[in-house]
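First comes the structure, then the notes that go with it.
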Amino acid sequence: MKYFFIAGEASGDLHASNLISELVKADPDAEIRGFGGELMEEAGMKILKHYREMSFMGIIPVLMHLRTIKKNFQYCEKTLKEFNPDVLVLIDYPGFNLRMAKYAKSLGIKVYYYISPKVWAWKSSRVKQIKERVDEMFTIFPFETDFYRKFGYEVNYVGNPVLDAVLKRRISKSFDDFCAENHLNEKPILALVPGSRLQEIKSLLPRMLKAVNSVRSHQIVVTAAPGIPDHIYIGLVNGYQVSVLRDKTYEVLQMADAAVLASGTVTLETAILRCPQVVCYRMAGGAFFFAIGKFILNIKWVSLVNIILRRMAVKELLQHHCTAANIRKEVKRLLEDQSYREQVAASYDELHQVLGEEGASKRAAQMIVQKLRS
């Protein structure tokens, strides 16, 4: 069968790639094209456009790139119509994907959604669009089943693919061997993970670096995101004593004593790897747009760890609270307060129980093929 995938960011590329890897096992004759990244391409998809040409975060960056966004829509519509797949498989990224779902339905193409938009957090009005445009929804959080059921929409809960992704990349080597292979020194690691989008990296990394510049007990390791050129990091870390490692985020987090993170899927990945964390978030456009965002949000937190556990299990520093001084204070607590570290570890144990077992990608792939053949 023919499949058209759309993933608009790094985490979507990762989880879509794992789904594609399982999909080609369940359907050996699968022909797969779409929008995404290198990981999806390596898994077997013919890439038509890279997600780095589509990923814009914040109100102002979106307004500045409206022409590019329009061209991306037009190109996607053109390639989708020409390929005429059996199914369009969407990965999160709702602003783009729900519009493409509407277009696919107009062509008579089935629409499956893997990893639901976070409509339980904000824009619950999108549920109506989802019911109209999406034939099958494959969800990754247990509470999403009850959420959608309130709107009369049944979904397929498959488990959380973050477990698959993390366990797949876990390493068995020692700390000393890891440091030697990556030209690091013998000090413990403090990780900085400033996000996967250019705008958030430029916003968060300088604050993170300033916050930890006085840390002497640990070496600072910055993880570089796929699709972001080296020169961006070189320019931002200039003048600081840090190491930058590419394509080793999971490994760094596994080895680190603590991590300073941009909000996003990485907060959940870090928890699965049992690394204590502080979560940072700054919205482009300043306090005014952040205030608007908080007004329309249906949740109290931005970290997936806190959202799933429904309490403040890990510290969040949002917008004007996301300062070097506040980050420094929380890092000191994470590194030096043993009782606090044990409290975070207990929250991670609870999170593991909620998430359940690995195998989400395989379950989703088998379900997709079965539904298409029925």
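In terms of the numbering used here, the sequence shown opens at residue 17 and continues consecutively. Backbone N, C-alpha and C define an ideal beta-carbon position, used for all residues, glycine too.
Assigned with DSSP and collapsed to three states, Cys291 falls in coil, not helix or strand. Close CB contacts of Leu221 within its chain, under the 6 Å cut and outside five residues either way in sequence, are with Pro210 and Leu252 (chain order).
In the three-state scheme derived from DSSP, where H, G and I count as helix and E and B as strand, Val231 is classed as coil. The beta carbon of Val360 is closer than 6 Å to those of Pro292 in its chain, skipping five residues each way along the sequence.
Note that the segment 343-352 does not touch the segment 374-388; fewer than 3 beta-carbon pairs, one per stretch, sit closer than 8 Å. By the neighbour-count criterion, in which 16 or more other beta carbons inside 10 Å mark a residue as buried, Pro245 falls on the exposed side. Within the segment 18-99, the complete beta strand (DSSP E) segments at least 3 residues long are 18-23, 47-52 and 62-66, listed from N- to C-terminus. The way I'd put it, the segment 268-281 does touch the segment 192-207; three or more beta-carbon pairs between them come closer than 8 Å. Of Leu269, Ala287, Asp192 and Phe99, the smallest CA-CA separation from Arg49 is found for Phe99. Note on geometry: alpha-carbon atoms of Ala341 and Gln235 lie some 19 Å from one another. Of Lys97, Ile36 and Met70, the smallest CA-CA separation from Glu57 is found for Ile36.
One Cα belongs to Arg232, the other to Arg223, and the distance between them is close to 18 Å.
With 16 or more other CB atoms across the displayed protein chains lying within 10 angstroms of its CB, Gln270 is buried.
Taking a cut-off of 8 Å for Cβ pairs, the segment 169-181 and the segment 360-374 touch, as three or more such pairs fall below it. Put simply, of Leu114, Gln335 and Cys195 the residue whose alpha carbon is nearest the alpha carbon of Ser141 is Leu114. Trp136 is the residue among Trp136, Lys118 and Ser33 whose C-alpha sits nearest the C-alpha of Trp317.
Per DSSP, Leu367 is one residue of the alpha helix (DSSP H) stretching across Gln354 to Leu371. Of all C-beta pairs linking the segment 254-261 to the segment 280-297, fewer than three are shorter than 8 Å, placing the two stretches out of contact. Per the coordinates, the alpha-carbon of Gly168 lies some 52 Å from the alpha-carbon of Cys195. Two segments are said to touch when three or more pairs of C-beta atoms, one from each, lie closer than 8 Å; by this definition the segment 39-49 does not touch the segment 123-132. Sequence-distant Cβ neighbours of Ala287 in its own chain, meaning closer than 6 Å and more than five residues away, are Val321, Tyr364 and Leu367. When secondary structure is reduced to three states using DSSP, Asp108 falls in the coil class, being assigned neither helix nor strand. Assignment of Phe194 by DSSP, reduced to helix, strand and coil, places it in the helix class. A residue is called buried once 16 or more other Cβ atoms fall within 10 Å of its Cβ, and Ser27 is buried on that count. In the structure shown, Lys331 falls within a strand segment according to DSSP collapsed to helix, strand and coil. Here Val253 carries a helix assignment [DSSP, helix/strand/coil]. The alpha-carbon separation between Leu96 and Phe20 amounts to approximately 7 Å.
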